[in-house]
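Per UniProt numbering, residue 1 is the first one in the sequence shown, and the count goes up by one each step. Structure record follows, encoded as structure tokens.
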Amino acid sequence: MEYSAGLHTSRENRRSIFYGWKNLTSSATGTYGVVYKGIQKNTGKFVAMKKIRVESELEGIPATAIREISLLKELVHPNIVALEEIALETDRIYLIFEFLAMDLKKFLEMIPADQLLDKIQVRPVHICSKS
1 MEYSAGLHTS
11 RENRRSIFYG
21 WKNLTSSATG
31 TYGVVYKGIQ
41 KNTGKFVAMK
51 KIRVESELEG
61 IPATAIREIS
71 LLKELVHPNI
81 VALEEIALET
91 DRIYLIFEFL
101 AMDLKKFLEM
111 IPADQLLDKI
121 QVRPVHICSK
131 S
């Protein structure tokens with residue numbers, strides 16, 4: 001996983017976060033931020049770019065963002081979206097993910113209510129904390 005270096009404070013530097021990425025469209029707005037479909041300029045690879053607003057310097061990074069980043073750094077699995085990069089600014093955080101055509105909610109909504117998932121489709125992920 002790659003991390004962008006430092007906090008950017010000026011408007012000119014703020015644009016530099018997207019030097020390697022191109023924002024294509026806003027794909028979803030959630031409780032904690034806006035998700036954009038983007039493209040990595042040098043490879044042409046599609047990505048999801050989640051923008052999380054930092055309300056004030058005194059409050060710091062939202063606890064929800066810290067939890068999401070911590071979990072995604074530890075949960076590396078083919079069935080879990082990959083967090084590829086984190087970019088920090090003074091008033092926002094960008095989480096760069098691999099792009100998926102749909103989220104789990106949309107996938108589950110596509111399955112008829114009377115149809116069960118095959119056992120091969122459902123594999124529980126066990127999270128064990130270290131003592």
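Ideal placement from N, C-alpha and C gives every residue a C-beta, glycine not left out. From a predicted model like this one, the values you see are computed outputs, not experimental measurements.
Closer than 6 Å by C-beta to residue i: which residues in its own chain qualify, once you throw out the five before and the five after it? Chain order, please.
| i | result |
| --- | --- |
| Asp91 | Val54 |
| Leu72 | Leu83 |
Between residue i and residue j, which are expected to be in contact by the criterion C-beta below 8 Å, what is the C-beta distance as a whole number of angstroms?
| i | j | result |
| --- | --- | --- |
| Lys51 | Gly33 | 5 Å |
| Ile93 | Ile61 | 6 Å |
| Ile66 | Leu83 | 13 Å between Cβ atoms; not a contact. |
Going by the CB atoms, is the gap between residue j and residue i shorter than 8 Å?
| i | j | result |
| --- | --- | --- |
| Phe107 | Val47 | no |
Quick one: using the 10 Å Cβ neighbour count with 16 as the cut-off for buried, is residue i buried or exposed?
| i | result |
| --- | --- |
| Ile111 | exposed |
| Met102 | exposed |
| Ala63 | exposed |
| Ala87 | buried |
Residues in its own chain within less than 7 Å of residue i by CB, not counting five upstream and five downstream?
| i | result |
| --- | --- |
| Val81 | Phe97, Glu98, Leu100 |
How is residue i classed by DSSP in three states: helix, strand or coil?
| i | result |
| --- | --- |
| Thr43 | coil |
| Phe97 | strand |
| Met49 | strand |
| Ile86 | strand |
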